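**Q** One structure, pasted below without further comment.
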Amino acid sequence: MGKAFDFTLIWGFIPTLLPYLAVTLQILAVSIVFGIIIGIVAAIPRLFHLPILRQLVIIYISFIRGTPILIQLFLTFYGVPALLMLINIDVSRVEPIYFVMITYAIGNGAVFSEIFRSAILSIDRGQTEAAYSVGMSDTQNFFRIILPQAIVVAFPNIANSVIGSLKDTSLAFSIGVIDLVGRGETLIAATAHALEVYISLSIIYYIVVLLLEKGFHLFEKRMKRHQSFASSAI
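Given below as structure tokens:
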């Protein structure tokens with residue numbers, strides 16, 4: 001049993017927890033950047049119908065969708081070192097945070113792959129035909145016609161995925177990473193005021209999510225404004 005609830009402790013815990021927000025945001029940023037790269041690479045075989053690679057990507061996406069992120073985290077943390085030991089590579093001293101980043105990058109890659117693929121396929125085929133009719137190459141058509149529009153289409157889903165990934169990072173403490181939640185767990189062990197700590201964590205996460213949502217909303221409006229200007233110019 002914890003100690004009696006003390007409302008004043010909530011505001012005392014927040015400054016103690018805030019420095020560890022940097023660790024959480026570091027995990028998020030790295031996993032999103034590499035997740036986007038993985039997502040683009042994984043989308044290509046399905047967009048261009050590359051037989052063997054396409055099937056491998058489908059299996060990869062299906063596995064990520066069909067298993068909990070916590071299980072994926074444990075598989076990476078325990079499985080990667082075990083596999084590397086078979087070829088005499090010892091990574092036992094690698095910081096757990098890197099396994100967290102790898103796990104979330106792979107998970108985000110599967111999500112972004114589907115987002116990019118569906119966004120690109122949503123662009124009207126007639127625009128590609130028009131690009132070819134004025135002498136554009138495949139590369140010019142993709143980067144000047146298809147990709148700018150696909151980014152606008154995909155952005156809301158990307159933003160939602162980033163926010164979801166932020167909340168998923170709260171599981172990093174399960175393999176010993178001292179992020180926001182990890183520090184919260186140590187506070188609970190030291191003070192026995194679990195409810196106050198979790199309320200403090202909720203406040204921090206909620207404020208960060210609100211700031212991200214506001215930033216994404218402004219960025220999306222800016223992108224759509226440029227798109228509207230380009231459309232009117234045509």
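Residue numbers for the sequence shown follow UniProt numbering, so the first one is 1 and each next one is one higher. Positions of the beta carbon are idealized from the N, C-alpha and C atoms, including for glycine. Remember, it's a predicted structure, so these values are computed and weren't measured experimentally.
1. I'd like to know whether the C-beta atoms of I40 and S113 end up nearer to each other than 9 Å.
2. Report buried or exposed for Y20, applying the criterion of at least 16 other Cβ atoms within 10 angstroms of its Cβ.
3. With burial defined as no fewer than 16 other Cβ atoms inside 10 Å of the residue's Cβ, what is the status of residue 238: buried or exposed?
4. Out of T139, Y198, K221, which has the shortest C-alpha to C-alpha gap to G12?
5. Give the C-beta separation of I151 and T128 to the nearest angstrom, bearing in mind that I take them to be a contact with Cβ-Cβ under 8 Å.
6. When you compare each of A159, P15, G66 to E213 by their alpha carbons, which one comes out closest?
7. For the candidate residues F219, F63, I59, N157, whose alpha-carbon lies nearest to that of S118?
8. On the three-pair Cβ rule with 8 Å, is the region 44–56 touching the region 71–79?
9. Does the beta-carbon distance from F143 to E220 come in below 9 Å?
10. Enumerate in chain order the residues of its own chain whose CB-to-CB distance from S174 is below 6 Å, with the five nearest sequence positions on each side excluded.
11. Sorted by chain position, which residues of the same chain lie with C-beta nearer than 8 Å to I234's C-beta, five sequence neighbours on each side aside?
12. Buried or exposed for H217, going by 16 or more other Cβ atoms inside 10 Å?
**A** Concretely, from the data shown:
1. yes
2. buried
3. The structure shown does not extend to residue 238, since the chain is modelled only from 1 through 234, so no value can be given for it.
4. Comparing Cα-Cα distances from G12 to each of T139, Y198, K221, the minimum goes to Y198.
5. Wrong, their Cβ atoms sit about 16 Å apart, outside the cutoff.
6. A159
7. The shortest Cα separation from S118 among F219, F63, I59, N157 belongs to N157.
8. no
9. no
10. none
11. Any reading at I234 needs caution, since the residue's pLDDT is 44, under 50, leaving its predicted position unreliable; the model's value is listed next. Counting only Cβ-Cβ distances below 8 Å, and skipping sequence neighbours, we find nothing.
12. H217 comes out exposed.
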